[in-house]
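If you're matching positions, the sequence shown starts at 8 in this note's numbering and goes up one per residue.
For glycine and all other residues, C-beta sits at the position ideal for the given N, C-alpha and C.
Please read these numbers as outputs of a predicted model, since none were measured by experiment.
Following: one structure in structure tokens, then a few remarks.
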Amino acid sequence: MAGNDSEITMADIDKLALEISAPDGPGSGNWKMESSQTKRVNDEVMDALRKNNGKIPGELEGVPALIITTTGAKTGKKRTLPLACQEIDGRLIIIASMGGAPRNPPWFHNLVHCPDVLIEKDGESFSARAVVTEGEDRDRLFQTVCANLPVFATYQKRTDRIIPVIELIRHR
Numbered sequence: 008m009a010g011n012d013s014e015i016t017m018a019d020i021d022k023l024a025l026e027i028s029a030p031d032g033p034g035s036g037n038w039k040m041e042s043s044q045t046k047r048v049n050d051e052v053m054d055a056l057r058k059n060n061g062k063i064p065g066e067l068e069g070v071p072a073l074i075i076t077t078t079g080a081k082t083g084k085k086r087t088l089p090l091a092c093q094e095i096d097g098r099l100i101i102i103a104s105m106g107g108a109p110r111n112p113p114w115f116h117n118l119v120h121c122p123d124v125l126i127e128k129d130g131e132s133f134s135a136r137a138v139v140t141e142g143e144d145r146d147r148l149f150q151t152v153c154a155n156l157p158v159f160a161t162y163q164k165r166t167d168r169i170i171p172v173i174e175l176i177r178h179r
């Protein structure tokens with residue numbers, strides 16, 4: 008990683024996104040290497056988020072992010088990873104882009120089958136329910152996210168699938 012272990016750059020993220028969005032998608036080519044690199048970057052981002060009260064230092068400073076824990080659809084195992092997020096009109100939104108890969112990320116499959124998730128954001132942990140948005144609501148939310156984080160528009164251009172937009176509704 009650039010700089011030091013806790014400084015992740017957009018180049019790091021984009022390199023992983025390009026590898027993940029290879030023509031045949033994850034599982035093709037040297038996926039063990041890609042998976043290892045993804046895990047390393049994810050671990051570094053989660054460590055930075057936890058050490059810095061929900062903020063990522065360095066080049067990604069200011070990019071809103073959270074840590075989500077899903078339950079594996081097949082295994083029942085807990086799966087934890089960092090994701091960019093946006094708060095839009097009081098709604099907490101995440102995007103299942105997988106860098107524009109031809110298929111949805113595994114975590115999306117997990118939350119569709121088990122929508123109850125654990126969220127760590129800005130130094131706080133809470134449980135939430137993941138709801139996949141649809142139609143005009145999905146389109147409006149995605150356009151807003153792309154206006155704030157243009158990389159998601161790039162990811163959409165890399166794939167023929169409609170990238171899912173998910174709302175995380177906090178349990179009361």
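Cutoff 8 Å; reference Ile-173; Cβ partners in own chain excluding five residues on either side: Ile-100, Ile-101, Ile-102, Ala-103, Phe-115, Leu-118, Ala-137, Val-138, Val-139, Thr-140
Beta carbon proximity, His-116 to chain D, threshold 8 Å: Note that chain D does not occur in the displayed structure, where there is just one protein chain.
Nearest to Glu-131 (by Cα), restricted to the options Ala-72, Pro-64, Thr-45, Asn-49: Ala-72
Option in Ile-169, Gly-97, Ile-74, Arg-47 with minimal Cα separation from Pro-109: Ile-169
Cys-121 - containing beta strand (DSSP E), residue span: No beta strand (DSSP E) holds Cys-121; DSSP gives it neither H nor E.
7 Å CB neighbourhood of Ala-160 in its chain, flanking five on each side removed: Cys-153
Contact set for Glu-127: own chain, Cβ-Cβ below 6 Å, skip 5 residues either direction: Ile-74
Exposure of Pro-157, with buried meaning 16 or more beta-carbon neighbours within 10 Å: exposed
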